[in-house]
Structure formats: structure tokens, C-alpha cells
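Asker: Protein chains in written order, with the working numbering: chain V, 6 to 118; chain B, 4 to 118.
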């Protein structure tokens with residue numbers, strides 16, 4: 006069965022600084038990988054997804070993520086963080102012939118001015 | 004499109020009462036998911052439907068929980084009787100076809116408090 010690990014529970018960065026949120030997955034075949042963001046009191050919004058092709062995927066709000074098969078990782082990055090990026094970020098993995106997504110525990114991002 | 008619509012947004016109920024949470028998926032989506040989010044356990048998949056048929060309910064915690072999808076545009080999650088440990092945010096999500104490549108669209112959730 007697939008699983009997802011987000012090693013960092015909380016991350017604090019200064020506004021304007023770069024950001025990288027880590028995600029490691031466990032799955033024997035090619036996974037489908039997602040990053041979602043959840044603002045306080047809101048549902049989850051899809052930032053980006055990877056399922057084939059170019060291993061660097063671009064998403065909304067200036068985010069990107071890179072799939073590295075050798076490291077079983079799908080880290081989320083942003084070159085310059087804005088205060089409005091403060092939220093909780095979830096990595097998720099799915100499989101091709103099954104419709105279940107398994108979510109990581111989430112990483113809470115705090116942005117300091 | 005209005006997105007996935009959940010109601011109510013907030014529900015406070017007394018222990019032992021029946022609670023019904025409602026979800027309207029995006030039109031044209033044929034997969035629907037119920038998730039529960041708590042601080043301790045994160046996001047847990049409770050049950051999901053394809054074409055209105057329950058496919059996997061292994062995440063439903065116990066018999067007090069039941070879910071139905073009588074048609075393509077409506078689903079309910081019922082807890083009877085409710086207990087304080089059921090307090091959580093319950094999310095509904097829908098997806099186009101039963102392929103994860105399409106991702107999920109989540110509703111805004113129902114925050115349930117059982118006192």
C-alpha cells in the first residue's frame with residue numbers, strides 16, 4: 006500500500022525567502038503525486054500534480070514541485086514566499102488503477118514579516 | 004461551477020443525537036469521497052463512491068457511521084448516535100472518473116462538535 010511522509014510538521018520562513026517543503030512517498034510503481042494547500046477554515050485546494058512526463062511541474066500561485074524517483078520524493082518549492090502563503094500543505098499519492106489518495110500528515114507554513 | 008457544496012458549515016450537537024452531513028459534488032464528477040480531519044489522525048478516507056455505488060468503506064470507524072449516495076448529485080454521511088470523539092472536520096470531495104490523475108476537488112468542510 007502507498008504511504009506519504011512529510012517530515013516537517015512546522016516550517017517558518019521570512020517573507021521573500023525561498024521555500025521547500027519535503028515529501029517522501031512509498032509505492033512500488035509509478036505514483037500519481039499531488040500537493041494541496043489548506044487555508045484556515047477552508048477546504049483543500051489543488052496546487053499541482055504529477056503523473057508522467059517532465060519531472061518538474063508547475064502549479065498555481067508560483068509553486069513548483071520536482072519528482073525524483075531515485076529518492077522517492079516530490080518536494081514543493083517556491084522562490085519567494087508571500088505572507089498569504091501561510092497555510093497547511095499536504096502531499097498526497099494515488100495509484101493508476103484506484104481512486105484513493107493517501108495524504109501525508111501535512112506541514113504548517115508560517116511566514117514572518 | 005459552484006464547486007463541491009457541503010452543508011452545514013458548522014454543527015454542534017449533543018452526545019447521542021443523530022447528525023447528518025450533506026454533500027453536493029461537482030456536476031459530471033462520478034466519484035465522491037468522504038474524509039475526516041482531526042489533529043491526531045490527519046486526513047482519513049472514510050468511504051468513497053463510484054457512480055453512486057460504495058466502493059470502499061473500510062475507513063468508516065464503526066457501525067454508528069453510514070453513508071449514502073442516492074443519486075449523482077447528492078450524498079449524506081450520518082452518525083447515529085454521535086459521540087464527543089466524532090468531533091472533527093468532515094470533508095467531501097469529488098473527482099471526474101475513477102482515475103486519480105484528475106485529482107480531487109474538496110468542499111469547504113463541515114466542522115462537527117459533539118458535546
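The beta-carbon is built from N, C-alpha and C at its ideal position, and this holds for glycine as well.
Could you tell me the distance, in whole angstroms, from the CA atom of residue 78 (chain V) to the CA atom of residue 72 (chain V)?
Answerer: Going from the Cα of residue 78 (chain V) to the Cα of residue 72 (chain V) covers about 6 Å.
Asker: Using a Cβ-Cβ cut-off of 8 Å, state whether residue 115 (chain B) counts as contacting chain V.
Answerer: No - not a single Cβ of chain V is within 8 Å of the one on residue 115 (chain B).
Asker: If we call anything under 8 Å between Cβ atoms a contact, is residue 96 (chain B) one with residue 36 (chain B)?
Answerer: Yes; because the gap between Cβ atoms is below 8 Å, this pair is in contact.
Asker: Measure the CB-CB distance between residue 62 (chain V) and residue 91 (chain V) and report whether it falls below 8 Å.
Answerer: No. Outside cutoff.
Asker: Can you give me, in chain order, the residues of the stretch 43-72 of chain V that have a beta carbon less than 9 Å from any beta carbon in chain B?
Answerer: So the list reads 43, 46, 47, 48, 49, 50, 51, 54, 56, 57, given in the order they occur along the chain.
Asker: When you compare each of B:41, B:107, B:49 to residue 67 (chain B) by their alpha carbons, which one comes out closest?
Answerer: Nearest option by C-alpha distance: B:49.
Asker: Could you confirm whether any beta carbon from chain V is found closer than 8 Å to the beta carbon of residue 68 (chain B)?
Answerer: Taking Cβ atoms only, chain V never reaches closer than 8 Å to residue 68 (chain B), which makes this a no.
Asker: Helix, strand or coil: which one does DSSP assign to residue 43 (chain V)?
Answerer: DSSP places residue 43 (chain V) in strand when its eight states are reduced to three.
Asker: Leaving out the 5 sequence neighbours to the left and right, which residues in its chain are closer than 7 Å to residue 9 (chain V) when beta-carbon positions are compared?
Answerer: Once the five neighbours on either side are set aside, the close Cβ partners of residue 9 (chain V) are 28, 30, 96, 97, 98, 107, 108, 109.
Asker: What is the DSSP secondary structure of residue 59 (chain B), counted as helix, strand or coil?
Answerer: If DSSP states are grouped into helix, strand and coil, residue 59 (chain B) belongs with the strands.
Asker: Of all Cβ atoms in chain V, is any one closer than 8 Å to the Cβ of residue 109 (chain B)?
Answerer: Yes, its Cβ sits closer than 8 Å to a Cβ of chain V.
Asker: Could you name the residues of the same chain whose beta carbon sits closer than 6 Å to that of residue 85 (chain V), not counting the 5 residues immediately before and after it, in chain order?
Answerer: Hits under 6 Å: 21.
Asker: Just how far apart, CA to CA, sit residue 72 (chain B) and residue 19 (chain V)?
Answerer: Whole-angstrom Cα-Cα distance: 46 Å.
Asker: At what residue ranges does the stretch 51-115 of chain B contain a whole run of the beta strand (DSSP E), taking only runs of 3 or more?
Answerer: Counting only runs of 3 or more, we get 56-59, 68-74, 77-82, 91-98.
Asker: Determine the DSSP secondary structure at residue 74 (chain V), reduced to helix, strand or coil.
Answerer: The answer is helix: DSSP assigns residue 74 (chain V) an H, G or I state.
Asker: Between which two residues does the beta strand (DSSP E) carrying residue 129 (chain V) extend?
Answerer: Outside the displayed range of chain V (6 to 118) lies residue 129 (chain V), so it cannot be described from this structure.
Asker: Identify whether residue 45 (chain B) lies in helix, strand or coil by the three-state DSSP scheme.
Answerer: Residue state, collapsed to three classes: strand.
Asker: Mark residue 56 (chain B) as exposed unless 16 or more other C-beta atoms lie within 10 angstroms of its C-beta, in which case mark it buried.
Answerer: Exposed, since its Cβ has fewer than 16 Cβ neighbours within 10 Å.
Asker: Run through the DSSP bridge pairs and tell me what residue 33 (chain B) is partnered with.
Answerer: Partner(s): none; residue 33 (chain B) has no beta bridge.
Asker: Are any of the Cβ atoms in chain V nearer than 8 Å to that of residue 94 (chain B)?
Answerer: Interface residue, yes.
Asker: Starting from the Cα of residue 66 (chain V), find the closest Cα among V:56, V:83, V:35, V:11 and give me that residue.
Answerer: For the residues V:56, V:83, V:35, V:11, the minimum Cα distance to residue 66 (chain V) belongs to V:83.
Asker: By the three-class DSSP mapping on this structure, what secondary structure does residue 67 (chain V) have?
Answerer: Three-state DSSP puts residue 67 (chain V) in a helix.
Asker: So does the stretch 9-17 of chain B actually touch the stretch 105-116 of chain B, counting three or more Cβ pairs closer than 8 Å?
Answerer: Yes: the two stretches touch, three or more of their Cβ pairs being nearer than 8 Å.
Asker: In chain B, what lies closer than 7 Å to residue 39 (chain V) by C-beta?
Answerer: 106, listed in chain order.
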